[in-house]
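Working notes, structure below.
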Amino acid sequence: MEEIKLPPHNLEAEQSVLGALLIDSEAAPVVTAILQPQHFYRESHRQIYEVMLHLYSKNEPIDLITVSDALAQRDLLEQIGGLPYLTLLANLVPSSAVAGQYAQIIRNKAILRELIAASQQISAACYQQEDVATVLEGAEQLIFRLSQSRVQRDFQSMSEIIAEVYEQIAQMVQNKGSVSGLPTGFKELDELTSGLQPSDLIIIAARPSVGKTAFSLNITQNVAIRQGKPVAFFSLEMSKDQLAMRMLCCEARVDGQKVRSGFLDANDWAKISEASDILSEAPIFIDDTPAISVMEMRSKARRLKLEHDISLIVVDYLQLMRSRGRAESRQQEVAEITRSLKALARELQVPVIALSQLSRRAEDREGKRPTLADLRESGEIEQAADLVAFLYREDYYDQDTANRNIVEVIIGKHRNGPVGTVKLTNLRHIGLFSNLAPEHAEAPGA
1 MEEIKLPPHN
11 LEAEQSVLGA
21 LLIDSEAAPV
31 VTAILQPQHF
41 YRESHRQIYE
51 VMLHLYSKNE
61 PIDLITVSDA
71 LAQRDLLEQI
81 GGLPYLTLLA
91 NLVPSSAVAG
101 QYAQIIRNKA
111 ILRELIAASQ
121 QISAACYQQE
131 DVATVLEGAE
141 QLIFRLSQSR
151 VQRDFQSMSE
161 IIAEVYEQIA
171 QMVQNKGSVS
181 GLPTGFKELD
191 ELTSGLQPSD
201 LIIIAARPSV
211 GKTAFSLNIT
221 QNVAIRQGKP
231 VAFFSLEMSK
241 DQLAMRMLCC
251 EARVDGQKVR
261 SGFLDANDWA
271 KISEASDILS
281 EAPIFIDDTP
291 AISVMEMRSK
301 ARRLKLEHDI
311 SLIVVDYLQL
321 MRSRGRAESR
331 QQEVAEITRS
341 LKALARELQV
351 PVIALSQLSR
361 RAEDREGKRP
371 TLADLRESGE
381 IEQAADLVAF
391 LYREDYYDQD
401 TANRNIVEVI
411 IGKHRNGPVG
421 TVKLTNLRHI
431 GLFSNLAPEH
441 AEAPGA
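Under our numbering, the sequence shown has 374 at position 374, and the numbering climbs by one with no breaks.
Encoded structure:
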């Protein structure tokens with residue numbers, strides 16, 4: 001006969017926690033920060049804890065008299081074992097010092113039970129033969145929700161926080177003039193922003209064909225090749241082969257049109273071969289899943305962080321992503337996606353660059369330079385972003401301008417620093433951005 005398996009639980013830990021609450025009021029703040037009634041396995045323990053929580057919320061003492069009285073008022077006292085059982089609980093624990101540890105044991109057992117329930121839901125969905133993508137996304141949501149329930153942040157004293165911040169400042173002073181964050185490879189931009197900061201959401205926005213993807217690929221190559229730091233690139237618009245082709249042409253300094261047409265001379269081939277070797281060694285990881293969901297991206301990014309310790313995430317581009325559920329409007333969906341990307345940056349402690357489209361509003365103005373009001377589909381993009389950078393090309397609107405191949409990077413929002421404009425040279429035929437040459441820096445209108 002097959003042995004019946006009981007769900008994971010620890011009755012001794014449950015009894016010890018309830019006993020600790022009965023003998024020491026100081027245990028309540030510790031335990032209530034960890035446990036909810038549903039975390040208890042035994043129904044009677046759940047009922048006792050609910051009464052204790054109610055008393056605690058009203059600033060009333062938690063002891064044998066108050067708890068037994070409250071249970072009696074709910075007609076639950078005899079059901080849980082009466083006053084003798086409460087007395088037993090109080091006598092079980094000599095000290096409340098380990099109440100927090102026991103509470104964590106109860107919490108972990110509850111998560112295991114929830115994980116079993118989640119696996120049963122996933123199994124049932126599989127047998128119903130629903131759409132595979134729907135089943136996978138539902139499974140990811142269930143598991144992610146459980147994993148997030150284990151993440152707890154507590155208060156930290158100002159003395160501890162100041163000590164950490166003081167250490168950061170001391171490091172900055174020691175490295176005076178250097179970039180505190182992840183360098184983009186563009187000198188003036190890094191001086192203005194101090195680099196890409198961990199946990200920051202950086203929005204790079206521009207009209208189509210201005211160079212958003214090329215600019216983000218340049219940053220990716222600078223970080224991965226020049227600094228040797230792993231980068232995750234989520235491409236929702238272009239295939240991984242197209243991106244690799246762009247990076248290859250840029251690294252080799254070979255005209256992309258020559259490559260696509262097949263007209264390469266021996267010198268071009270040598271450059272391509274050398275660039276291929278360099279890129280093959282670069283820690284760049286590309287995912288080209290179209291219309292990827294927030295949940296899928298988060299799952300993949302977490303795995304990459306664990307396996308390769310990625311330093312940067314790039315998303316090309318924000319408006320092509322899918323949110324977790326059905327939003328009432330596209331604006332709400334984009335808002336949820338933006339908040340999720342910010343949460344991802346904070347969770348993994350890496351900068352996240354998200355490319356974004358601009359509305360046509362800027363083109364209706366006499367001055368075409370974009371502003372925060374031009375961000376497409378959601379004011380939440382501006383709200384959630386730590387830094388918003390716009391790309392602007394004068395030759396996009398005026399082919400006869402003297403400022404050809406000049407791109408302005410306009411910092412329109414910088415939560416922790418100054419705003420301003422940096423000018424870069426952009427050779428579009430090879431997809432290369434570079435620091436502006438000194439002779440162009442003071443050019444009229446430049």
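Just so it is clear, CB atoms sit at the ideal spot from N, CA and C, and this is done for glycine as well.
Sequence-distant residues of the same chain with beta carbon closer than 6 Å to residue i, five excluded per side
| i | result |
| --- | --- |
| L432 | C250 |
| D288 | S235, S239 and K240 |
| A443 | Low confidence applies to A443: its pLDDT is 35, below 50, so where it sits in the model is not reliable enough to give any reading. |
| E188 | V422 |
| D268 | V254 |
| V315 | F234 and A354 |
Span of the beta strand (DSSP E), counted from its first residue to its last, around residue i
| i | result |
| --- | --- |
| Y392 | L387 to R393 |
| V422 | G420 to L427 |
| I204 | L201 to A206 |
| Q357 | V352 to Q357 |
| I313 | L312 to D316 |
| L432 | L432 to N435 |
Simplified DSSP assignment, three categories, for residue i
| i | result |
| --- | --- |
| R253 | coil |
| S180 | coil |
| R322 | strand |
| N405 | coil |
| F186 | coil |
| L35 | coil |
| G412 | strand |
| L6 | coil |
| P444 | Model confidence at P444 stands at a pLDDT of 30, short of 50, so the residue's coordinates are unreliable and nothing is read from them. |
Buried or exposed (CB count within 10 angstroms, at least 16 for buried), residue i
| i | result |
| --- | --- |
| H414 | buried |
| V132 | exposed |
| L306 | exposed |
| M247 | buried |
| P94 | exposed |
| M158 | exposed |
| A170 | exposed |
| Q79 | exposed |
| A275 | buried |
| Q221 | buried |
| A335 | buried |
| D374 | buried |
| R474 | With the chain represented from 1 up to 446, any question about residue 474 goes unanswered, as that position is not in the structure. |
| A28 | buried |
| P329 | Position check: residue 329 holds Ser in this sequence, whereas Pro was assumed. It counts as exposed. |
| F40 | buried |
| E26 | exposed |
| A266 | exposed |
| L82 | Reading off the sequence shown, one finds Gly at residue 82, where the question assumed Leu. It counts as exposed. |
| A446 | With a pLDDT of only 31 at A446, under 50, the local geometry of the prediction cannot be trusted, and the value read off the model is given with reservation. Classification for A446: exposed. |
Cβ shell of residue i (< 8 Å), same chain only, five flanking positions each side left out
| i | result |
| --- | --- |
| Q38 | R46 and A110 |
| F285 | P230, V231, A232, F233, L304, H308 and I310 |
| R42 | H9, L11 and E14 |
| N405 | D395, T425, N426, L427 and R428 |
| D398 | none |
| A90 | G19, L22, I23 and L64 |
| V135 | I122, A125 and C126 |
Beta-carbon proximity list for residue i, same chain, < 7 Å, skipping 5 on both sides
| i | result |
| --- | --- |
| P290 | L236 |
| I143 | A118 |
| V450 | There is simply no residue 450 to check, as the chain begins at 1 and stops at 446 in what is shown. |
| E60 | T66 |
| I430 | C249, C250, R253, V254, D255 and G256 |
| D200 | A345, P351, D386 and L387 |
| D190 | V179, P183 and T184 |
| L146 | I111, E114, L115 and A118 |
| I278 | I225 and E251 |
Extent of the continuous alpha helix (DSSP H) to which residue i belongs
| i | result |
| --- | --- |
| A343 | R330 to L348 |
| I23 | L11 to I23 |
| V31 | A27 to T32 |
| S44 | E43 to S57 |
| I62 | Run containing I62: none; DSSP gives neither H nor E here. |
| G379 | G379 to A384 |
Minimum Cβ-Cβ distance from residue i to chain C less than 9 Å
| i | result |
| --- | --- |
| L83 | Within the model displayed, chain C is absent; a lone protein chain is all it includes. |
Handout entry: Contiguous alpha helix (DSSP H) assignments of at least 4 residues, all confined to the segment 68–98
Key = Fully enclosed alpha helix (DSSP H) runs of 4 or longer: 82–92.
Practice task
Could you tell me which uninterrupted beta strand (DSSP E) segments, each at least 3 residues in length, are contained entirely in the segment 214–299, listed from first to last along the chain?
Solution key: Every beta strand (DSSP E) of 3 residues or more that sits fully in the segment 214–299 is shown, in chain order, as 231–235 and 284–287.
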